[in-house]
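Residue numbers (the numbering used here): 8 to 307. Cβ atoms here follow ideal geometry from the backbone N, Cα and C, with glycine treated the same way. For clarity, every value in this text was computed on a predicted model and none was experimentally measured. Read the structure below first, then the notes.
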């Protein structure tokens, strides 16, 4: 039996005011408000035209406006201890410090031309130690060459294949999940869905890689639907480097580990930090006035 320690980091109302969340329609892909966790524990959470910047160690929270104001929204985020990388709704990339000062802007908007972006959110982003931003969007992996500002499409899945996850470890190795390796000249690490996960929850159609900790454990999530259940149930698993399942659990739903999300709810985004602590953003659709919660979960 695993020991679980649960910390609620954020409770917010639904609404359109700054710091509130406009509850999205129910989606089967977990699309919602992305967030990222820096190595020092600070958190950056996309909130329409704001970033919610949190320092749980100091119990400090503040809002950071999008560089172009209310007309621009944050669609994706990654962070290091001193850098924020954000995908904006005008299809550009902003590199900022934690005070909101823009260091560089990349991209030429929506399209399929040079330095343009054509795929839609949700977006999982990462920063390798060289401060190179990466993001996975649809079935492509993008990279920014910070020195000259070029947006490069590193890899695109062939027809019939798809990318299902992205994670970067502390030394900077890039891991992608897919059912089959996709041809690439880049030094990428490929992860298939671990065979030992499939019998644990055969109802999960697709598992997605979303993190790796300093011990080399991989973190996967998948969704399943139950009869008479309107909202998808999110399951998470920690898989050791040799392939054994260290733990596996449901987060929401009637038997979910997150008790506040056992009513009508949905998990919207997941992250894991270097220590292997899980972070989950969940929506409560009924029954509670406070409808958005961010949790930190330690499982031992």
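{"query": "Residue closest to residue 287, alpha-carbon to alpha-carbon, out of 20, 40, 26 and 24", "result": "40"}
{"query": "Alpha carbon of residue 121 to alpha carbon of residue 107, nearest angstrom", "result": "27 Å"}
{"query": "Three or more C-beta pairs below 8 Å linking the segment 186-193 and the segment 97-105", "result": "no"}
{"query": "Counted within 10 angstroms of its Cβ, other Cβ atoms place residue 298 as buried (16 or more) or exposed", "result": "buried"}
{"query": "Supposed contact pair residue 273 and residue 239 - C-beta distance, whole angstroms, cut 8 Å", "result": "6 Å"}
{"query": "C-alpha gap between residue 246 and residue 290, whole angstroms", "result": "26 Å"}
{"query": "Whole-angstrom distance between residue 56 and residue 78, CA atom to CA atom", "result": "7 Å"}
{"query": "Where residue 268 sits in the DSSP three-state scheme", "result": "helix"}
{"query": "Presumed contact (8 Å Cβ cut-off) between residue 228 and residue 241, rounded CB distance", "result": "6 Å"}
{"query": "Continuous alpha helix (DSSP H) assignments of at least 4 residues falling wholly in the segment 51-84", "result": "none"}
{"query": "Simplified DSSP assignment, three categories, for residue 21", "result": "strand"}
{"query": "Integer Cβ distance of residue 132 from residue 43, believed to fall under 8 Å", "result": "7 Å"}
{"query": "Own chain partners of residue 95 with C-beta closer than 8 Å, once the 5 adjacent residues on each side are dropped", "result": "73, 74, 75, 79, 80, 81, 82 and 101"}
{"query": "Beta carbon of residue 172 nearer than 8 Å to that of residue 217", "result": "yes"}
{"query": "Cut-off 8 Å between Cβ atoms - residues of its own chain near residue 1, not counting five sequence neighbours on either side", "result": "There is simply no residue 1 to check, as the chain begins at 8 and stops at 307 in what is shown."}
{"query": "Inter-residue CB distance, residue 232 and residue 243 (contact presumed, cutoff 8 Å)", "result": "With 8 Å as the limit, residue 232 and residue 243 do not qualify as a contact, their Cβ atoms being about 17 Å apart."}
{"query": "Burial state of residue 330, where buried means 16 or more other Cβ atoms lie within 10 Å", "result": "Because the chain in this structure spans residues 8 to 307, residue 330 falls outside the shown range and cannot be described."}
{"query": "Other residues of its chain near residue 149: CB distance less than 8 Å, five sequence neighbours each side excluded", "result": "124, 141, 142, 143, 158, 159, 160 and 161"}
{"query": "Identity of the residues DSSP links to residue 289 by a beta bridge", "result": "274 and 300"}
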